[in-house]
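Worksheet for the structure shown next.
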Amino acid sequence: MADDNEDAEMKRARSRERQLALENTNTDIGFCGRILVGLSLIFLLITLPISIWMCIVIVKEYQRAIIFRLGRLLSGGAKGPGLFFVLPCTDSFINVDMRTVTFNIPPQEVLTRDSVAVCVDGLVYYRVQNPTLAVANVSNADAATQLLAQTTLRNVLSNKNLAEILSDCEHIAHFMQVTLDNATDDWGIEVERVEIKDVKLPPQLLRAMASEAEATREARAKVIAAEGEMSASRALKEASLVIAESPSALQLRYLQTLNTIAEEKNSTIILALPLEILPKFVNT
1 MADDNEDAEM KRARSRERQL ALENTNTDIG FCGRILVGLS LIFLLITLPI SIWMCIVIVK
61 EYQRAIIFRL GRLLSGGAKG PGLFFVLPCT DSFINVDMRT VTFNIPPQEV LTRDSVAVCV
121 DGLVYYRVQN PTLAVANVSN ADAATQLLAQ TTLRNVLSNK NLAEILSDCE HIAHFMQVTL
181 DNATDDWGIE VERVEIKDVK LPPQLLRAMA SEAEATREAR AKVIAAEGEM SASRALKEAS
241 LVIAESPSAL QLRYLQTLNT IAEEKNSTII LALPLEILPK FVNT
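Numbering (full-length UniProt numbering), first residue to last: 1 to 284.
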């Protein structure tokens, strides 16, 4: 957690440095530019109070406005939220949404490292961290982030085995989040979270995996049954030794068997034969 906080602080510091470098790149609009700005002010004063409604811009709480004067970025960075003024004809502005954006990564056909074709899709959560960089450094930050997420998903999964993809989705998603966040840092985009949504396997592979799992369960069941038979045989051996030490124990076991049979509601007729007479028949 501490390492993640340090990395976030370093990224914010680098973002501020890039923004300051971008704002300090020759902000002088020149002599002609100052003349155009003066004419714009004169036109504003002449057409008051009608022109004032063309100069008022309202920025919502979740938005920031990037103002350009004669094509050059104004110092001070993004404006808002609230109300501010722009000069007609010379100033233009772009509103940037600062809220978290969620988009689905379209299903990607990926060939894994062990030559298995899988179809994987996911979710990406990101937001604009630095509006100035998001406007000045990339033409369409949303589209660029989405395309980069698709290619990153394909590149990451192509270096993984099928077993790793199925069992370690959380680690893969975290690795993708770090990779995307580092790549979009120059665009003022912060990737907050990446999730692997679904992994679709070919039907033939699903049947093979099901057969393998069924065979594994059957083999395990046979092993458990064999272990149970072994334990039961050992218990019967110990019971026979106990009965051999006391002849009356066999009689008690015989009576317990009769009691068990009598509890069942059936029409079986039982003829009790004393065990004492059995040795006589055996000897004869």
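By construction, the Cβ of each residue, glycine as well, lies at the ideal position given by its N, Cα and C atoms.
Query                                                                                                                                                                                                  : Result
Measuring CB atoms only, is the segment 125 to 144 touching the segment 55 to 74, in the sense that at least three cross pairs come out at less than 8 Å?                                              : yes
Give the C-beta separation of Ala173 and Val194 to the nearest angstrom, bearing in mind that I take them to be a contact with Cβ-Cβ under 8 Å.                                                        : 5 Å
Can you tell me the Cα-Cα spacing of Ile35 and Leu73, whole angstroms?                                                                                                                                 : 18 Å
For the UniProt domain "Band 7" (54 to 213), which segments carrying the alpha helix (DSSP H) assignment without a break, of at least 4 residues, lie completely within its bounds, in sequence order? : 131 to 136, 141 to 157, 162 to 167 and 169 to 183
For Ile50, which three-state DSSP category applies?                                                                                                                                                    : coil
When burial is assigned at 16 or more other CB atoms within 10 Å of the CB, is Asp185 buried or exposed?                                                                                               : buried
Sorted by chain position, which residues of the same chain lie with C-beta nearer than 8 Å to Leu148's C-beta, five sequence neighbours on each side aside?                                            : Leu180, Ala183 and Thr184
Please classify Gly80: is it buried, with 16 or more other beta-carbons within 10 angstroms of its beta-carbon, or exposed?                                                                            : buried
Where does Ser246 fall in DSSP's three states?                                                                                                                                                         : coil
Please work out which residues of its chain come closer than 7 Å, Cβ to Cβ, to Thr257, disregarding the five sequence neighbours upstream and downstream, and give them in chain order.                : none
Quick one: what's got a C-beta closer than 6 Å to Thr216's C-beta in the same chain, skipping five residues either side?                                                                               : none
Compute the beta-carbon to beta-carbon distance between Leu87 and Leu41, rounded to the nearest angstrom, for a pair I have assumed lies under 8 Å.                                                    : 7 Å
Straight-line CA distance for Ala221 to Ser233?                                                                                                                                                        : 18 Å
Find out if the Cβ-Cβ distance for the pair Ala117, Pro202 is shorter than 8 Å.                                                                                                                        : yes
Would you decide whether Phe85 is buried or exposed? Buried here means 16 or more other CB atoms lie within 10 Å of its CB.                                                                            : exposed
Pick from Ala210, Thr152, Ala239 and Arg127: whose alpha carbon is nearest that of Pro106?                                                                                                             : Thr152
Tell me which same chain residues have a C-beta within less than 6 Å of the C-beta of Ala144, skipping the five on either side of it?                                                                  : Val138
Judging by CA-CA distance, which residue of Asn155, Val199 and Asp91 is the nearest neighbour of Gly122?                                                                                               : Val199
Please list, in chain order, all residues of the same chain as Arg154 whose beta carbon is under 6 Å from its beta carbon, the five residues on each side excluded.                                    : Gln108 and Val110
Closest by CA to Arg113, which one among Met98, Gly71, Phe93 and Lys160?                                                                                                                               : Lys160
Would Ala2 be called buried (16 or more neighbouring beta carbons within 10 Å of its own) or exposed?                                                                                                  : Its pLDDT being 49, under 50, Ala2 is placed unreliably by the model, and the measurement read from it follows with that caveat. So Ala2 counts as exposed.
Alpha carbons only, please: which of Arg69, Ile94 and Ile165 is nearest the one belonging to Ile58?                                                                                                    : Ile94
Could you check if Leu252 is buried or exposed, using at least 16 other CB atoms within 10 Å of its CB as the buried criterion?                                                                        : exposed
Taking Cβ to Cβ, would you say Arg69 is nearer than 8 Å to Thr100?                                                                                                                                     : no
So, at 6 Å on beta carbons, what are the nonlocal neighbours of Val37 in its own chain, with the 5 sequence-adjacent residues on each side left out?                                                   : Thr90
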